[in-house]
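Trainee: Once you've had a glance at the structure underneath, I'll fire off some questions.
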Amino acid sequence: MIEKNQDFEVNIMDLGYEGEGVTKINGYTTFVKGALKDEKVKVKMVKVNKDYGFAKLLEIIKKSKNREEPVCEKYGRCGGCSLQHMSYEAQLDYKTEMVKNTLKKSLGYEPLVNDIIGMGIPYHYRNKAQYPVVGEKIGFYADRSHELIENKECYIQNQLTDKLAKDAFQIAKKYSVTSYDEKTNKGILRHIVTRIGLNSGEFMIMFVTNGEEFKSKEKIVRELTMMYPDITSIIQNVNTQNTNVILGEKCITLYGEDCIVDKLGDYKFKISPLSFYQVNPVQTEVLYNVAKEYAALDGNETVFDLYSGIGTISIFIAENAKRVYGVEVVEPAVEDAKENAAMNEIRNVEFIAGEAEKVVPQMYQDGIKADVVFVDPPRKGCDEKLLQTIIDMKAKKVIYISCNPATLARDLKVLTENHYEIQVVQPVDMFPQTKHVEDVCLLTLK
Ligand code: SAH
42 MIEKNQDFEV NIMDLGYEGE GVTKINGYTT FVKGALKDEK VKVKMVKVNK
92 DYGFAKLLEI IKKSKNREEP VCEKYGRCGG CSLQHMSYEA QLDYKTEMVK
142 NTLKKSLGYE PLVNDIIGMG IPYHYRNKAQ YPVVGEKIGF YADRSHELIE
192 NKECYIQNQL TDKLAKDAFQ IAKKYSVTSY DEKTNKGILR HIVTRIGLNS
242 GEFMIMFVTN GEEFKSKEKI VRELTMMYPD ITSIIQNVNT QNTNVILGEK
292 CITLYGEDCI VDKLGDYKFK ISPLSFYQVN PVQTEVLYNV AKEYAALDGN
342 ETVFDLYSGI GTISIFIAEN AKRVYGVEVV EPAVEDAKEN AAMNEIRNVE
392 FIAGEAEKVV PQMYQDGIKA DVVFVDPPRK GCDEKLLQTI IDMKAKKVIY
442 ISCNPATLAR DLKVLTENHY EIQVVQPVDM FPQTKHVEDV CLLTLK
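Next up, the structure:
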């Protein structure tokens, strides 16, 4: 019988879906955060469930050759990164294996999965940061909690905007702007959000406030622009909802432009505060090039780009297609997509606002069919109605871009049971130091 607070010496056999070590204690599966495969460690049981438990790492008796000293002093406490104790090579191997295992479990066989494409310099890659503020502190939440962890420097964020957010918070505090308290729903400043176009250098800061009142905003803007004279845009975003959703719908431009522009490949993209834009632009180009190569368009195809965001994929592939339809639910993103097509002088694309699972069945009913479909859904994956419509219209190729192997595996099972065949899966490391993995999968009609 295994009980809480018991100590054990164990060998770590594997890594779980969160990068945590996995062991068996007398056959009982136990997860050990921070332990690596092939290590011998001393642990204390902290949670004992019916089928599995969690133990705390007390001591490393035999160290893995893949172990590395984390660069961040808050590593292990901040909820942002979970693989910094692994060498980057080991992180990449882990992710490839994780994708293979997840797909095999769902499909019953292992499709062709290429080795993940890693990043040259796997730090400071993020172009967007959302910092909660709590009381006197700005930082990131701890894992699975709203405890705020402060940090001098974040090693995955862009360095300029990381400093900008912290400086902006100090200025706001100086003018007595109160921090929001989620328990009482009182206080003004909820989050500070930053975005930067890594290829253009344009950057934005957003103050997310609990209501339109934002005392001393003129003075705050003045100080901030003196400190950062090159800043492109300062926005106030109003969010009065008592939820975990960070941004509200209303944006007020306090200084400069309403949005920033970034470049990807040969194209320019306008990014509004509320629009989705991939967070790692270096790897986004890699990802899109893989997707484009898999599509191998010859110029005669009708293409659907579903979950199209600000139209990046549509625009990337338009010159190789006859006609492209982008479908996206967030209206400001659709507006950005239309302007982006015009800005890049692309005329064979059309963007439609709405839910893909409603818009695409309607298009199919109206006689518009795709030869090639790109889907790039959020973490929850594709709606079943959408998958069914893709199956019904017999699109020759489906290129599935996914940020969640679990829902990718679920959706691939549906497609492979309905006339589609997986040709290849290519993982791309968009999120170094974290457990997240992106995949591109090519499916063809049998
Ligand atoms: N392809 C884009 C965006 C991918 S992120 C890119 O590479 O940048 C996923 C996008 O799906 C987001 O823009 C989100 O707003 C949108 N989305 C979420 N649910 C949707 C739905 N049901 N129908 C259409 N779009 C949706």
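Quick note, the sequence shown lines up with residues 42 to 487 if you use my numbering. Using N, Cα and C, we set each Cβ at its ideal position, and we do this for glycine too.
#1: Decide if the stretch 216–227 is in contact with the stretch 195–208; the criterion is three or more beta carbon pairs, one per stretch, under 8 Å apart.
#2: In the DSSP assignment, what residue or residues form a beta bridge with T71?
#3: Need the endpoints of the alpha helix (DSSP H) that T284 sits in, please.
#4: Quick one: what does DSSP say N155 is sitting in, helix, strand or coil?
#5: To which residues does DSSP link A183 through a beta bridge?
#6: For I354, is the beta carbon positioned less than 8 Å from some heavy atom of the ligand SAH?
#7: Does the Cβ of L347 lie closer than 8 Å to at least one heavy atom of the ligand SAH?
#8: Are the CB atoms of I393 and V375 nearer to each other than 9 Å?
#9: Return the chain-ordered ranges of every beta strand (DSSP E) run that is complete within the stretch 289–331 and spans a minimum of 3 residues.
#10: Just to confirm my understanding: we take K421, look at its own chain, exclude 5 residues before and 5 after, and list those with CB closer than 7 Å. What are they?
#11: Let's test the definition: count the other Cβ atoms within 10 Å of the Cβ of I276 and tell me whether it reaches 16, buried, or not, exposed.
#12: Buried or exposed: which applies to R236, given that a residue is buried once 16 or more other Cβ atoms fall within 10 Å of its Cβ?
#13: With distances taken from CA atoms, which of Y150, G117 and H126 is nearest K454?
#14: Does the contact criterion of 3 or more C-beta pairs under 8 Å hold for the stretch 413–420 versus the stretch 432–450?
#15: Using only the alpha-carbon positions, how far apart do G60 and Y116 sit?
#16: What residue range does the alpha helix (DSSP H) around M434 cover?
#17: Work out the CA separation of V249 and N283 for me, nearest whole Å.
#18: Go through its chain and collect everything with a Cβ distance to T71's Cβ below 6 Å, but skip five positions before and after it.
#19: Could you please give the first and the last residue of the uninterrupted alpha helix (DSSP H) stretch that includes S147?
#20: Quick check on the DSSP output: what are the complete alpha helix (DSSP H) runs of length 4 or more inside the stretch 346–401, in order along the chain?
#21: Contact defined as beta carbons within less than 8 Å: I believe Y461 pairs with L484. What is the distance between those atoms, to the nearest angstrom?
Mentor: From the atom records:
#1: no
#2: T64 and G94
#3: Where T284 is concerned, there is no enclosing alpha helix (DSSP H), given that its DSSP letter is neither H nor E.
#4: coil
#5: C119
#6: yes
#7: yes
#8: yes
#9: 291–297, 301–305 and 308–312
#10: T448
#11: buried
#12: buried
#13: Y150
#14: yes
#15: 14 Å
#16: E425 to M434
#17: 13 Å
#18: T64, G94 and A96
#19: First-last of the alpha helix (DSSP H) with S147: Y129 to L148.
#20: 353–358 and 372–384
#21: 4 Å
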